[in-house]
Structures are given as structure tokens and as C-alpha cells.
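J.:
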Amino acid sequence: MARPRKFDETAVLDAAVDRFWTQGYEATSTRELADSMRMTLASMHNAFGDKRALFRRALEHYLDGSLRARIARHEATVSPAAAIAGFLRESIERSLGDGCWRGCLLVNSALEVGPDNPDLRDFLNAELTTIEDFFRRCIVKGRQSGAIPAGIPDDDAARLLFSTLLGIRVLARIRPERDLLEGAARGALASLGLPPMPDS
Numbered sequence: 001m002a003r004p005r006k007f008d009e010t011a012v013l014d015a016a017v018d019r020f021w022t023q024g025y026e027a028t029s030t031r032e033l034a035d036s037m038r039m040t041l042a043s044m045h046n047a048f049g050d051k052r053a054l055f056r057r058a059l060e061h062y063l064d065g066s067l068r069a070r071i072a073r074h075e076a077t078v079s080p081a082a083a084i085a086g087f088l089r090e091s092i093e094r095s096l097g098d099g100c101w102r103g104c105l106l107v108n109s110a111l112e113v114g115p116d117n118p119d120l121r122d123f124l125n126a127e128l129t130t131i132e133d134f135f136r137r138c139i140v141k142g143r144q145s146g147a148i149p150a151g152i153p154d155d156d157a158a159r160l161l162f163s164t165l166l167g168i169r170v171l172a173r174i175r176p177e178r179d180l181l182e183g184a185a186r187g188a189l190a191s192l193g194l195p196p197m198p199d200s
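What follows is the structure, encoded as C-alpha cells:
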């Protein structure tokens, strides 16, 4: 019979997320992870596997509590146009609210992971695609209802919003300036005939 785990999985994954988020995937050692998670190396490996497997599990944990939850909340509670604007606004506020200027763990990881990790790259790409898909669903639904004006093709509109979001997240790490980030979002929204972001 397997022995029950003697640790709080949420707490140890929070610690792993924080370490990866602060230092990046490559620079983080398994010893640092184990220390942050307050686990022995053996216990950590037994529970989560190697560093790559732990990183993927930590990233899943991060996404469940941030990106995936935000997409679901915006789609369920407001109109498509408001969902787009609100999502961009919330991304800016999250970027500016982090005094360590860490950006987004998903975006940071996509910039860091190289071609020698194809499985991890595929995973990161699939998760990033969920953002583009969210914008596309909003555009399509809003145009069908007449709330979002016709314009450039749906796919191009979604990609414009997606690339704007990625740009905001990267810029926030080196130039965490509200006018800069809000200006990027305003320009993308205006070019698609979308309403402005809600006030911060």
C-alpha cells in the first residue's frame, strides 16, 4: 500500500512556481527547488519526477490559478468586447503590481526554453495558443452579435490581440510604465473598433 504524502501539495507547488518564476527554468537547480519546497531531493523526485516534470507540474499549477481561471471568468461574466478589454486591463495591472517585475511565468518560459526541449516547447506553445483562441472566440462571438464591428479577418484580429498581450508582458519586465503598456493596449483595441479598457 502506498504511504500517504506528508506534505501540502499546493504549498510545495507554490514554492516551486516562485523559484522558477524568480530565476527561470535553466538557472534553477534541483537542490534550490528542494530547499524552497522544504523537501529532500529524494522526496521531491519521488513525488514529482525530474526537474522537467516538476517544472511542467508547477506551470500547470500556476496556469490553473491565473491564466485559465481568468479566461474562464472573463468569458463567463461579461460581453465578448468587455472580456477582451478586461483581460488586457487585468494583465497590465498584474504586470505593474509585481514589484519584482517578473512578468508572466508562461511567457518568460516560452522565451527561455530552447530547441533541445521539444516536448516542453510544444507544451508551452499549446498553452500560449489558449490565449489566442480566447481572443478569437471573443471576436467571433462579438461579430456575430454585432457588438464588435467587422474588419480584418477573425484570425488576424486574434493574433493582433495575442501579440499585443505578449508585448505588454515582455515590456513590463524592462519598462514597467503604465502609459507605455496602456498605450499598446489602447492602440490594438482601437484598430479593431473595440471599446477601451475599463479604468484601473
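For the sequence shown, the UniProt record's numbering gives the first residue as 1, with consecutive numbering after it.
Ideal Cβ positions, reconstructed from N, Cα and C, are used throughout, including at glycine.
What residue does the alpha helix (DSSP H) around Asn125 start on, and which one ends it?
T.: Unbroken alpha helix (DSSP H) run through Asn125: Pro118 to Ser145.
J.: Mind reading off the beta-carbon distance from Lys51 to Thr30? Whole number of angstroms is fine, and I expect it under 8 angstroms.
T.: Yes, they are in contact, since the Cβ atoms of Lys51 and Thr30 sit about 5 angstroms apart, within 8 angstroms.
J.: Distance, Cα to Cα, Arg102 vs Ala42?
T.: When rounded, the distance between both Cα atoms is 29 angstroms.
J.: When you compare the segment 174-191 with the segment 82-92, are there three or more beta-carbon pairs, one atom per stretch, that lie closer than 8 angstroms?
T.: Short answer: they touch.
J.: Whole angstroms are fine: how far does the CA of Pro118 sit from the CA of Leu63?
T.: So the two alpha carbons sit approximately 20 angstroms from each other.
J.: On a Cα-Cα basis, can you pick out the residue from Gly114, Thr10, Ala72 and Asp18 that is closest to Phe135?
T.: Residue Ala72 is the option with its Cα nearest to Phe135.
J.: Once DSSP output is grouped into helix, strand and coil, what is the label at Pro80?
T.: The answer is helix: DSSP assigns Pro80 an H, G or I state.
J.: How should Thr28 be labelled, buried or exposed, when 16 other C-beta atoms within 10 angstroms of its C-beta is the threshold for buried?
T.: Flag for Thr28 reads buried.
J.: Using the Cα positions of Val12 and Ala53, report the straight-line distance between them to the nearest angstrom.
T.: Rounded to the nearest angstrom, the two C-alpha atoms are 14 angstroms apart.
J.: Should Gly97 be labelled buried (16 or more other beta-carbon atoms within 10 Å of its own) or exposed?
T.: Exposed, because fewer than 16 other Cβ atoms sit within 10 Å of the Cβ of Gly97.
J.: Taking the beta carbon of Cys104 as the centre, do at least 16 other beta carbons fall within 10 Å, making it buried, or is it exposed?
T.: Classification for Cys104: buried.
J.: In three-state terms, what does DSSP make of Trp101?
T.: Trp101 falls in the coil class under three-state DSSP.
J.: Taking Cβ positions, are Ala83 and His74 nearer each other than 8 angstroms?
T.: Their beta carbons are under 8 angstroms apart, which means Ala83 touches His74 by this criterion.
J.: My output table needs one value for Leu192: the three-state DSSP class, helix, strand or coil.
T.: If DSSP states are grouped into helix, strand and coil, Leu192 belongs with coil.
J.: From what residue to what residue does the alpha helix (DSSP H) around Ala53 run?
T.: Lys51 to Gly65 is the span of the alpha helix (DSSP H), which, as asked, contains Ala53.
J.: Can you name, in chain order, every residue of its own chain whose Cβ lies under 8 angstroms from the Cβ of Arg169, other than the five neighbours on each side?
T.: Closer than 8 angstroms at Cβ, skipping near neighbours: Ser91, Ser95, Gly103, Cys104 and Val107.
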